[in-house]
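Residue numbers (the working numbering): 1351 to 1699. We treat Cβ as the ideally placed atom computed from N, Cα and C, and that holds for glycine. All values reported here derive from a predicted model rather than from experimental measurement. Remarks on the structure that follows.
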Ligand code: SER
């Protein structure tokens, strides 16, 4: 990447946490923004408190810095978005629009496309019934795009908006107008050993694991047979880095599925029990959250990403649990593992 100045939005979130570490190790200049100070800020990363719904602040940031790469991670997730759909729309759509227009303007100023990397999600899908979900198997990027959450609709719209900015924005107004370079990966559920997610609906996977590592009881809010694709955080961060670095001419689409393994809730429970044999994990169904998971695919087809930019996860399910999650989560909680319940309660809808 060399001399790029990289902007990370949503720096206090889970992916921001891991991406900042990686970019700092690579010696990149990083400006990180969020509403709140990240609990973990690698040395050398410049943090600015900034609300992406404030268009003046976003435009000023781009005009006063030389950002040429954006990882736009900020957003309210699916459960959080159902709790507060107006705020979700404002952050997920309006905030994204501010960033896209600012990146577009920077593209004009620089005379070179700003690369705009956007993590989208399996929430962009909406499969109408469990029977269709089972029959669908691994879904392609262009199938079942009728999401049932505010978050899913927001993400799907921003995918389309990014494609529009990348190819058509102001096409009718100017000739030879440079466009920003929008690239998007649709992530599955992501499991990190470092952080616990908040406000998502695939959270039962990581929550089970973190509760078990702390010696706390956990009730899973979806049915045992609820199936989703997942990957571990190092692969999620690598997918974002790899699509960011891919040669433009190799990309044949703006949105790519990436995934590593597909598991039911019960299969995750069994794997967690294997790592932490004394763990206490039950089920307490939350109908609405379960319905959200039921509308997402059991797996996604990532063959376009494999073909176009050489995507392949480093961690299959065995390596994910055995070589990443188990040692890292044991190191994280170590001897200080709490015996009482962690703050992993179900987000009420
Ligand atoms: N992890 C997200 C959520 O559960 C899905 O991408 O909302």
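Which value, in whole angstroms, describes the spacing of the CA atoms of residue i and residue j?
| i | j | result |
| --- | --- | --- |
| residue 1370 | residue 1668 | 26 angstroms |
| residue 1491 | residue 1535 | 10 angstroms |
| residue 1632 | residue 1418 | 47 angstroms |
| residue 1510 | residue 1399 | 28 angstroms |
| residue 1450 | residue 1571 | 36 angstroms |
| residue 1358 | residue 1368 | 11 angstroms |
| residue 1617 | residue 1676 | 16 angstroms |
| residue 1363 | residue 1654 | 28 angstroms |
| residue 1366 | residue 1391 | 10 angstroms |
| residue 1474 | residue 1454 | 24 angstroms |
| residue 1406 | residue 1598 | 31 angstroms |
| residue 1466 | residue 1530 | 7 angstroms |
| residue 1661 | residue 1408 | 32 angstroms |
| residue 1443 | residue 1515 | 14 angstroms |
| residue 1671 | residue 1621 | 8 angstroms |
| residue 1630 | residue 1434 | 32 angstroms |
| residue 1355 | residue 1648 | 37 angstroms |
| residue 1498 | residue 1506 | 11 angstroms |
| residue 1415 | residue 1539 | 33 angstroms |
| residue 1551 | residue 1613 | 15 angstroms |
Here's a check: name, in chain order, each residue in its chain whose Cβ is nearer than 8 angstroms to the Cβ of residue i, leaving out the five neighbours to either side.
| i | result |
| --- | --- |
| residue 1537 | 1469, 1470, 1471, 1472, 1581, 1586, 1589 and 1608 |
| residue 1600 | 1658 and 1659 |
Which residue's Cα is closest to the Cα of residue i: the options?
| i | options | result |
| --- | --- | --- |
| residue 1663 | 1591, 1497 and 1599 | 1591 |
| residue 1487 | 1377, 1452, 1643 and 1650 | 1650 |
| residue 1430 | 1654, 1583, 1642 and 1372 | 1642 |
| residue 1543 | 1555, 1623 and 1550 | 1555 |
| residue 1502 | 1583, 1672, 1363 and 1425 | 1425 |
| residue 1437 | 1404, 1412 and 1422 | 1404 |
| residue 1420 | 1519, 1378, 1672 and 1584 | 1378 |
| residue 1579 | 1596, 1553 and 1446 | 1553 |
| residue 1410 | 1389, 1423 and 1456 | 1456 |
| residue 1559 | 1445, 1623, 1435 and 1458 | 1623 |
| residue 1481 | 1646, 1674, 1385 and 1584 | 1646 |
| residue 1566 | 1584, 1606 and 1628 | 1628 |
| residue 1678 | 1576, 1644, 1606 and 1541 | 1541 |
Residues in its own chain within less than 7 angstroms of residue i by CB, not counting five upstream and five downstream?
| i | result |
| --- | --- |
| residue 1439 | 1500 and 1504 |
| residue 1395 | 1370, 1374, 1380 and 1382 |
| residue 1666 | 1610 and 1611 |
| residue 1513 | 1532 and 1604 |
| residue 1520 | 1527 |
Between which two residues does the beta strand (DSSP E) holding residue i run?
| i | result |
| --- | --- |
| residue 1607 | 1605-1607 |
| residue 1382 | 1379-1384 |
In the DSSP assignment, the alpha helix (DSSP H) including residue i goes from what residue to what residue?
| i | result |
| --- | --- |
| residue 1592 | 1583-1595 |
| residue 1507 | 1500-1517 |
| residue 1422 | Not the alpha helix (DSSP H): residue 1422 falls in the beta strand (DSSP E), residues 1417-1422. |
| residue 1622 | 1615-1625 |
| residue 1682 | 1676-1683 |
Flag residue i as yes if its beta-carbon sits less than 7 angstroms from any beta-carbon of chain B, otherwise no.
| i | result |
| --- | --- |
| residue 1559 | The question asks about chain B, but that chain is absent: this structure has only one protein chain. |
Can you list, in chain order, the residues of its chain with a C-beta nearer than 6 angstroms to that of residue i? Leave out the 5 residues immediately preceding and following it.
| i | result |
| --- | --- |
| residue 1452 | 1408, 1409 and 1412 |
| residue 1385 | 1401 |
| residue 1545 | 1364 and 1367 |
| residue 1626 | 1562 |
So which residues touch the region around the ligand SER, with touch meaning a C-beta under 5 angstroms from any heavy atom? 1427, 1428, 1471, 1473, 1550, 1551 and 1552
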